[in-house]
Amino acid sequence: MDPEHVRTLLAAVKEGSLSLDDAFSQLRELPFRALGFAHADTHRHLRTGFPEVVFGTGKTTAQIAILLRELGRDGATVMATRIAPDVAKEVLAAVPGARYLEAGRIVVLGPAPGPTRGRGPIAVLTAGTADIPVAEEAATTAELDGNQVVRVFDVGVSGLHRLLAHREIVEKAEVLVAVAGMDGVLPTVVAGLFSRPVIAVPTSVGYGASLGGLSALLTMLNSCATGVAVVNIDNGFGAGRMASLLNRVRAA
9 MDPEHVRTLL AAVKEGSLSL DDAFSQLREL PFRALGFAHA DTHRHLRTGF
59 PEVVFGTGKT TAQIAILLRE LGRDGATVMA TRIAPDVAKE VLAAVPGARY
109 LEAGRIVVLG PAPGPTRGRG PIAVLTAGTA DIPVAEEAAT TAELDGNQVV
159 RVFDVGVSGL HRLLAHREIV EKAEVLVAVA GMDGVLPTVV AGLFSRPVIA
209 VPTSVGYGAS LGGLSALLTM LNSCATGVAV VNIDNGFGAG RMASLLNRVR
259 AA
């Protein structure tokens with residue numbers, strides 16, 4: 009349930025334009041809505057400031073559509089991740105108003121908020137173009153949480169001059185998200201160059217010895233640079249949400 013919707017309900021009760029019984033009827037499904045196959049967490053937006061996200065892998069098209077409709081019923085902007093194009097086509101047909109962001113494999117229902125919640129921009133960087141889907145998941149998550157996001161893609165260490173060419177843009181960001189597969193070195197380099205918190209995202213991109221991203225994950229966990237925090241392999245959503253939370257922290 010969207011916090012603004014709850015405030016509107018309470019204000020309506022206070023001014024007498026809505027009865028207590030009617031308000032209770034709208035609130036009675038907190039903290040979750042039982043759907044048979046799932047318990048949609050309608051209370052998560054109130055608790056954490058971000059609605060429950062539908063993880064598309066393993067779910068049927070019908071389940072994804074139902075969850076999006078239920079979670080977005082009270083006005084919250086909600087998203088479903090890891091949605092293949094063919095699945096997205098069916099979901100969009102079942103959920104009027106939803107849109108598909110193909111680069112990040114995300115279906116979104118509801119308007120995107122303005123970039124007003126963060127101290128400044130969040131920069132999302134990738135080592136290569138193959139890392140872009142995970143990076144877009146992170147970028148879209150941060151944008152839907154009210155942040156300005158700048159994208160700097162394909163600036164890995166095999167051509168370090170490419171990163172340095174964007175130095176001014178990166179330095180203006182408050183939080184950096186560095187997405188890399190293969191050797192996974194980009195976050196360490198970024199943390200060594202810029203005085204910003206770095207969220208490292210290993211991807212499953214790479215040849216056999218990359219072990220589906222495990223090699224990049226271990227490299228990032230063993231980073232010699234300070235200020236690097238690591239999320240799980242391919243977890244763009246987790247990185248985007250963490251970047252958003254860090255972007256709201258203010259100095260005492």
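In terms of our numbering, the sequence shown opens at residue 9 and continues consecutively.
Backbone N, C-alpha and C fix where the C-beta goes; we use that ideal spot for every residue, glycine too.
- Within the model, the alpha-carbon separation for Arg-170 versus Ala-188 is close to 15 Å.
- Looking at Thr-137, Val-14 and Ala-84, the one whose alpha-carbon comes closest to that of Val-61 is Ala-84.
- Annotation note: the segment 140-164 contains the following uninterrupted beta strand (DSSP E) runs of length 3 or greater, listed N- to C-terminal: 157-160.
- Counting only runs of at least 4 residues, the segment 172-204 fully encloses the following alpha helix (DSSP H) elements, listed from N- to C-terminal order: 175-179 and 194-201.
- Counting along the chain, the unbroken alpha helix (DSSP H) around Leu-76 starts and ends at 69-79.
- The beta carbon of Ala-208 sits closer than 6 Å to the beta carbons of Ala-186, Pro-195, Met-228, Val-236 and Val-238 from its chain, once the five residues preceding and following it are set aside; these are given in chain order.
- If you compare the alpha carbons of Gly-192, Gly-126, Gly-136 and Val-160 with that of Ala-251, the shortest gap goes to Gly-126.
- Three or more Cβ pairs closer than 8 Å define a contact, and the segment 171-186 meets that threshold against the segment 108-128.
- Spanning the alpha carbons of Leu-133 and Ala-96 requires a straight line of approximately 26 Å.
- Linking Leu-76 to Phe-63 through their CA atoms gives a straight-line distance of about 11 Å.
- Pro-104 carries a coil assignment under DSSP once its states are collapsed to helix, strand and coil.
- By the Cβ test, the segment 149-166 is in contact with the segment 113-126, since at least three Cβ pairs between them sit closer than 8 Å.
- Under the three-state reduction of DSSP, Phe-245 is assigned to helix.
- With 16 or more other CB atoms across the displayed protein chains lying within 10 angstroms of its CB, Glu-145 is buried.
- Distance from the CA of Pro-93 to the CA of Arg-113, rounded to the nearest whole angstrom, comes to 7 Å.
- Your pair Gly-248 and Ala-147 checks out as a contact, with CB atoms roughly 7 Å apart and the cut at 8 Å.
- Minimum Cα-Cα distance from Thr-137 among the listed residues Arg-15, Gly-80, Thr-211 and Val-198 corresponds to Thr-211.
- For Pro-93, the three-state secondary structure derived from DSSP is helix.
- When only Cα atoms are considered, Pro-59 and Ala-88 end up about 11 Å apart.
- In this structure, Pro-141 sits near Ala-111, with a CB-CB distance shorter than 9 Å.
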